[in-house]
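With the numbering used here applied, the sequence shown covers 98 to 408. Here a beta-carbon is modelled for each residue, glycine too, at the ideal position from N, C-alpha and C. Keep in mind the model is a prediction, meaning the values are calculated, not measured.
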Amino acid sequence: MFLRLFVIMLIIFFPISTKGWGFFAHQRINRLAVFLLPPEMIALYKPQLEYLTNHATDADKRRYIVAAEGPRHYIDIDHYREEYLPVVWRDAVTKFSEDTLNTYGILPWHISHMMARLTKAFQEKNSAQIMKLSADLGHYIADAHVPLHACSNHNGQFTGQQGIHGLWESRIPELLADQAFNYWAGKAVYIRDIQATTWQIVRESAMAADTVLKKERTLSIHFPTDQRYAYENRSGKLVRTYSTAYTRAYQQVLGNMVERRMCGAIFMISSFWYTAWVNAGMPHLGELDAKIFLKEKVLPVKDKMIGRQEE
Ligand SMILES: [Zn+2]
Numbered sequence: 098m099f100l101r102l103f104v105i106m107l108i109i110f111f112p113i114s115t116k117g118w119g120f121f122a123h124q125r126i127n128r129l130a131v132f133l134l135p136p137e138m139i140a141l142y143k144p145q146l147e148y149l150t151n152h153a154t155d156a157d158k159r160r161y162i163v164a165a166e167g168p169r170h171y172i173d174i175d176h177y178r179e180e181y182l183p184v185v186w187r188d189a190v191t192k193f194s195e196d197t198l199n200t201y202g203i204l205p206w207h208i209s210h211m212m213a214r215l216t217k218a219f220q221e222k223n224s225a226q227i228m229k230l231s232a233d234l235g236h237y238i239a240d241a242h243v244p245l246h247a248c249s250n251h252n253g254q255f256t257g258q259q260g261i262h263g264l265w266e267s268r269i270p271e272l273l274a275d276q277a278f279n280y281w282a283g284k285a286v287y288i289r290d291i292q293a294t295t296w297q298i299v300r301e302s303a304m305a306a307d308t309v310l311k312k313e314r315t316l317s318i319h320f321p322t323d324q325r326y327a328y329e330n331r332s333g334k335l336v337r338t339y340s341t342a343y344t345r346a347y348q349q350v351l352g353n354m355v356e357r358r359m360c361g362a363i364f365m366i367s368s369f370w371y372t373a374w375v376n377a378g379m380p381h382l383g384e385l386d387a388k389i390f391l392k393e394k395v396l397p398v399k400d401k402m403i404g405r406q407e408e
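This is how it looks when you write it as structure tokens:
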């Protein structure tokens, strides 16, 4: 009885949860994006590999502290149905009001905003800002590649599939990325139209959301219920999570979707960083002082997120 209560308490306090791609995937994505950069940029970015990795999840951690942070990580495109969504923030505010936009997420507009800030940081040769904004922009671009970040049924809460958010974007990468994923993503390219590309990414994600949900639903019907979950010891805590067998089976029915979206995120992050640098006039980065980042603190992980949660 005590053991059972103990297990139940642990499940309550450590539910299957995730915020964004999951820390593992966000860190991996930001890290690998560095290697796609041209040599002129590698000079600044490579010494900051640990910084960009460790700070890949700052944007998610801010969701526990800053209320305005939440809507920057998603957009419920299905809410707007066939309505035209202006790509320029001011036009979108005029059409829908800021409140409405914040309710259903502002991810694509926020990416444009972050690109403008990163371009300015390059122009000013402000290396601390370049790294901080690159880490954050990487986070948002990675989120834009996640189908359930572009869909109102973001954790299967409308269809009895609670937990699917973490299954897709945390459990699969954590379990399979090292053995099964091929990260070849080419080289960073210049992006002529940042807004159009950003919206294309989120629309692709929105279109894939249906498959993400349907495939899990079908799988859950055919998969033995008692084999769907498992308990894992994580840092001395017993955590209920999707079993390895269920995770593998889900990955299989999705084809290589998670791998493709993860590779797409790596390629786009590198290309967005590169584009910001080109648009800033390709400033020389080699002479910028990289040591200042060593003092940077990593934000702590807190228990309670403000606003919408994906658990
Ligand atoms: Zn996020």
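Where the alpha helix (DSSP H) through residue i begins and ends
| i | result |
| --- | --- |
| A140 | P136 to Y142 |
| E301 | I291 to H319 |
| V336 | Here V336 belongs to no alpha helix (DSSP H); instead the beta strand (DSSP E) covers K334 to Y339. |
| F120 | F120 to V131 |
| V355 | M354 to N376 |
| L409 | The requested residue 409 does not occur in the structure, where the chain is confined to residues 98 to 408. |
| D155 | D155 to K158 |
Residue i vs residue j beta-carbon contact at 8 Å
| i | j | result |
| --- | --- | --- |
| A439 | I174 | There is no way to answer for residue 439, as the model of the chain reaches only from 98 to 408. |
| Y326 | T338 | yes |
| V131 | L149 | yes |
| P270 | A156 | no |
| R314 | T372 | no |
| I69 | I126 | Missing from the structure shown is residue 69; the chain here goes from 98 to 408 and no further. |
| T344 | R268 | yes |
| A303 | M354 | no |
| G263 | G361 | no |
| V286 | A241 | no |
| M228 | I291 | no |
| L234 | F369 | yes |
| R128 | L141 | no |
| Q124 | A153 | yes |
| L133 | S367 | yes |
| V185 | L198 | no |
| H176 | S249 | yes |
Near ligand 2: residue i beta-carbon under 7 Å from a heavy atom
| i | result |
| --- | --- |
| A241 | Ligands present in the displayed structure are limited to ligand 1, and ligand 2 is not among them. |
Endpoints, the beta strand (DSSP E) within which residue i is located
| i | result |
| --- | --- |
| A327 | Y326 to R331 |
Along the chain, which unbroken stretches of the alpha helix (DSSP H) at least 4 residues long are found entirely within the region 189-225? 195-201 and 204-220, all fully within the region 189-225.
Below 8 Å, how does it come out for the region 163-170 and the region 137-145: are there three or more Cβ pairs, yes or no? Judged by Cβ distances under 8 Å, the region 163-170 makes no contact with the region 137-145, as fewer than three pairs qualify.
Indicate whether the contact test is met: 3 or more Cβ pairs, each with one atom in the region 178-198 and one in the region 299-315, closer than 8 Å. With a cut-off of 8 Å, the region 299-315 and the region 178-198 do not count as touching, because too few Cβ pairs lie within range.
Entirely within the region 247-293 and at least 4 residues each: give me those alpha helix (DSSP H) ranges in chain order. Taking only runs of at least 4 residues, the alpha helix (DSSP H) segments lying wholly in the region 247-293 are 269-277.
Is it the case that the region 219-230 contacts the region 376-386, given that we only count it when at least three CB pairs across the two stretches are under 8 Å? A contact is defined here as three or more CB-CB pairs under 8 Å, and the region 376-386 meets this definition with respect to the region 219-230.
Spell out a yes or no on whether the region 196-213 and the region 290-297 are touching, meaning 3 or more CB-CB pairs, one atom from each, closer than 8 Å. Cβ pair count under 8 Å is three or more, so yes.
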